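>
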Amino acid sequence: MTTVTQPPAGRPLFPDVLRSEWIKFRSVRSTYWTLVVTVVGMIGLGSLFSEAYISRYDHLSGLERLVVRPVSRSLGGFFLIQLAVGVLGVLVITSEYSTGSIRATLSAVPQRKTVLVAKTVVFGATVLAIGVVSSFAAFFVGQAILSQRGLGVTLSFPGAVRAVFGTALYLTVVGLLSLGLGTMLRRTAGAISAMVALLLILPGVVNALPSSWQNVITPYLPSVAGEALIGRSPLAPDHLLSPWVGFGVFCAYAAAALVVGGVLLVRRDA
Amino acid sequence: MIEARGLIKRYGTTVAVDDLSFDVLPGRVTGFLGPNGAGKSTTMRMIMGLDAPSAGRVSVGGVAYGHKRRPLYEVGATLESASIHPGRTARYHLLALAATSGIPARRVDEMLELVGLTSVAGKRAGTFSLGMKQRLGIAAALLGDPVVLLLDEPVNGLDPEGILWIRNLMRNLASEGRTIFVSSHLMSEMAVTAEHLIVIGRGRLIADTSVEEFVHRASGGYVRVRAPDADRLAELLRERGATVAAADDGALAVSGLDAPAVGETAALNGIVLHELIAQQASLEQAYMELTRDAGDYAGRAA
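Top line first, the protein sequences correspond to chains U and S. For the first sequence, my numbering assigns the number 312 to the last residue and increments by one with no breaks. For the second sequence, my numbering assigns the number 308 to the last residue and increments by one with no breaks.
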């Protein structure tokens with residue numbers, strides 16, 4: 043029988059907890075399914091939008107032909123894919139509550155903040171990596187399709203690199219915002235509802251307000267602010283925040299959700 | 007060693023644990039006994055730092071659990087057996103826990119072997135029977151070779167062979183000087199496993215005593231004695247302070263004196279005895295008596 047010896051007190055806890063969270067993250071199927079859906083969805087939907095545009099191209103009016111928007115068209119899949127990423131972000135923590143494994147986790151590591159930070163790093167880094175890969179793939183496949191009508195562009199197109207990386211960053215922050223909501227609410231259904239409401243429903247609700255209010259509020263809504271980095275928004279550009287300011291606002295929402303979630307995690311009974 | 011002092015847990019207006027104080031000492035199996043809903047699991051969760059007490063404090067080895075670093079080396083626990091993600095394999099469940107404390111994968115495989123789960127180590131825990139989940143929980147609890155073990159209803163769902171296995175495991179671990187604290191709502195199980203008992207009902211401490219004392223204290227035990235000259239014997243016994251009642255079949259039910267004292271009394275006075283039996287209250291009876299009013303969900307006659 044292997045004798046176990048406690049590591050020296052000076053050995054930092056965080057790398058060990060990080061390793062534990064990484065093992066947990068990669069040892070459940072939902073992780074793989076979601077990441078496959080993300081890659082396939084980003085490429086597939088981007089291709090679909092690009093294909094649809096060129097197949098209609100001959101019937102489009104002159105004005106419509108002017109707004110090719112080749113970059114954001116190829117990256118348009120993010121709008122649906124953010125739901126998959128958000129659901130996974132929620133599940134990273136709520137599945138621990140629904141299965142009771144949170145008790146095993148916190149028994150092994152009573153330092154609850156450390157657990158949440160480790161989850162954030164593991165999940166965030168994975169989504170960012172998958173996001174970068176799938177955004178680039180979606181961009182190149184989309185441009186190849188648009189190039190059939192000579193409408194494709196390269197990465198040297200103004201704002202293209204920012205939009206491609208921005209899509210990956212946007213998805214990452216969606217995931218982290220969802221992880222924060224999951225930590226706050228602890229229930230899968232509740233947290234997913236809150237995530238959908240915040241990202242997709244809220245902009246629609248604000249649309250029903252008088253336009254003078256809309257112009258003030260809309261740019262600061264989480265998803266609208268975040269999308270400024272990708273450059274795809276139903277709103278007129280002059281109502282949008284600048285890309286990085288918008289993204290900063292979006293990050294602030296995610297940070298707030300994680301901080302509130304962390305405080306509740308420490309204070310509440312597990 | 008576990009020390010609880012004035013432990014209170016309130017949920018709104020409900021008091022789940024009400025001013026509990028007790029010590030769990032090393033080197034023996036201490037049973038934590040009480041009807042369902044008595045507050046056993048809540049107390050266990052407070053010991054593990056998962057729930058915060060409303061008042062009072064509890065420490066393991068002198069330190070509150072929440073302040074421990076890498077507690078797996080000191081405390082192992084199975085809390086409410088289903089603390090396992092059903093989509094994760096048994097081995098990954100243990101590997102993830104081991105990683106938090108720098109416990110090598112070799113030790114994980116040894117624990118799987120010890121609890122007899124090696125052949126299903128790669129199967130998802132959701133496919134496990136309750137008994138297998140219990141075994142996995144015990145493997146997790148033993149990962150860090152801890153000196154304190156908390157087991158919440160560990161025999162639930164185990165087959166007779168498994169029950170025997172865990173009984174021996176607990177005894178062996180206790181004989182190595184470890185602190186074993188095991189909760190159960192089954193008196194019969196505790197009677198054969200534990201040496202010491204902490205009994206609670208409705209969150210309050212009812213008894214903190216050895217198993218023998220517990221039976222003795224709660225016992226409606228009496229001595230059954232039959233003699234041809236029952237009247238004279240009854241008189242002599244009453245003189246010695248016993249309470250004597252006539253049983254239906256002509257025998258005497260004597261309480262307040264034990265069987266040897268009754269026998270001696272008879273012998274000294276030359277009284278012939280046909281029967282002398284010490285009627286021990288069974289553990290179950292003792293337990294039922296003590297916790298009768300303490301069960302939250304005790305059935306009531308309509």
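Cβ atoms here follow ideal geometry from the backbone N, Cα and C, with glycine treated the same way. Here the structure is a predicted model, which is why all the values come from computation and not from measurement.
Determine the DSSP secondary structure at K46(S), reduced to helix, strand or coil.
helix
> On the CB-based measure, 16 or more other CB atoms within 10 Å of its CB, does L258(S) come out buried or exposed?
buried
> Would you identify the three-state DSSP class for A233(U), choosing helix, strand or coil?
helix
> Helix, strand or coil: how does DSSP classify Q256(U) here?
helix
> Determine whether the Cβ of A312(U) lies closer than 8 Å to any Cβ atom of chain S.
yes
> In its own chain, which residues sit with a C-beta less than 8 Å from the C-beta of D115(S), not counting the 5 before and 5 after it?
Hits under 8 Å: R97, T124 and A127.
> Would you say T141(U) faces chain S, with C-beta separation under 8 Å as the test?
By the rule that beta-carbons nearer than 8 Å mark a contact, T141(U) touches chain S.
> When burial is assigned at 16 or more other CB atoms within 10 Å of the CB, is D151(S) buried or exposed?
buried
> In chain S, which residues lie with their C-beta within 8 Å of the C-beta of K66(U)?
H91, R94, Y98 and A102
> Listed in chain order, which residues of the segment 112 to 124 of chain S have Cβ atoms closer than 7 Å to some Cβ of chain U?
R112, R113 and E116
> Assuming M226(U) contacts G128(U) (C-beta within less than 8 Å), just tell me the rounded distance between them.
14 Å between Cβ atoms; not a contact.
> Is it buried or exposed, E63(U), if we count other Cβ atoms within 10 angstroms and call 16 or more buried?
buried
> H73(S): buried (16+ other C-beta within 10 angstroms of its C-beta) or exposed?
exposed
> On the CB-based measure, 16 or more other CB atoms within 10 Å of its CB, does D158(S) come out buried or exposed?
D158(S) comes out buried.
> Can you confirm whether A146(U), when its beta carbon is compared against all beta carbons of chain S, has any partner nearer than 8 Å?
yes
> Decide if V258(U) is buried, meaning its Cβ has at least 16 other Cβ atoms within 10 Å, or exposed.
exposed
> If the cut-off is 7 Å on Cβ atoms, which residues from the segment 53 to 82 of chain S count as contacting chain U, listed in chain order?
If the cut-off is 7 Å between Cβ atoms, the segment 53 to 82 of chain S has M54, G55, L56, D57, A58, Y71, G72, K74, R75, R76, P77, L78 and Y79 near chain U.
> Report the residues of the segment 144 to 172 of chain S with a CB closer than 7 Å to any CB of chain U, ordered along the chain.
A146, G150 and D151
> List, in order along the chain, the chain U residues whose C-beta lies closer than 8 Å to that of E9(S)?
None at all; the shortest Cβ gap to chain U is about 18 Å.
> Using a Cβ-Cβ cut-off of 8 Å, state whether T44(U) counts as contacting chain S.
yes
> L85(S) touches chain U at which residues, Cβ-Cβ below 9 Å?
G142, R145, A146 and S149
> Which chain S residues sit within Cβ distance under 7 Å of R344(U)?
Outside the shown range of chain U (43 to 312) lies residue 344(U), about which nothing can therefore be said.
> Taking Cβ-Cβ distances shorter than 9 Å, what residues in chain U pair up with G43(S)?
Those do not exist, as G43(S) stays about 17 Å from chain U at its closest Cβ, beyond 9 Å.
> With 8 Å set as the bound, which would you pick, yes or no: does the beta-carbon of Q185(U) sit closer than that to a beta-carbon of chain S?
By this cut-off, Q185(U) is not an interface position.
> For the candidate residues L203(S), V260(S) and A252(S), whose alpha-carbon lies nearest to that of G37(S)?
L203(S)
> Does the segment 172 to 191 of chain U come close enough to the segment 209 to 223 of chain U to have 3 or more Cβ pairs within less than 8 Å?
yes
> Less than 8 Å between the C-beta atoms of G21(S) and G143(S), yes or no?
Residue identity differs from the one stated: residue 21(S) is Val in this sequence, not Gly. Judged by beta-carbon spacing, G143(S) lies beyond the 8 Å limit of V21(S), meaning their Cβ atoms are not closer than that value.
> Hey, would you say G268(U) sits closer than 8 Å to G288(U), going by beta carbons?
yes
> Could you give the distance in angstroms between the alpha-carbon of S190(S) and the alpha-carbon of P160(S)?
8 Å
> Can you find a CB in chain U that lies within less than 8 Å of the CB of P266(S)?
no
> Would you report the Cα separation of L87(U) and A186(U), rounded to the nearest angstrom?
Between L87(U) and A186(U), the C-alpha separation is close to 14 Å.
> Among Q48(U), L108(U) and T230(U), which one has its Cα closest to the Cα of P110(S)?
Q48(U)
> Over what stretch of residues does the alpha helix (DSSP H) that includes G12(S) continue unbroken?
Unbroken run through G12(S) is the beta strand (DSSP E), I8 to Y17; no alpha helix (DSSP H).
> Please report the distance separating the alpha-carbon of Y139(U) from that of A231(U).
Those two C-alpha atoms are separated by around 12 Å.
> Between which two residues does the alpha helix (DSSP H) carrying S321(U) extend?
Look at the range of chain U in this structure, 43 to 312, and you will see that residue 321(U) is not part of it.
> Have a look at Y71(S) and F292(U) and give me their C-alpha separation to the nearest angstrom.
37 Å
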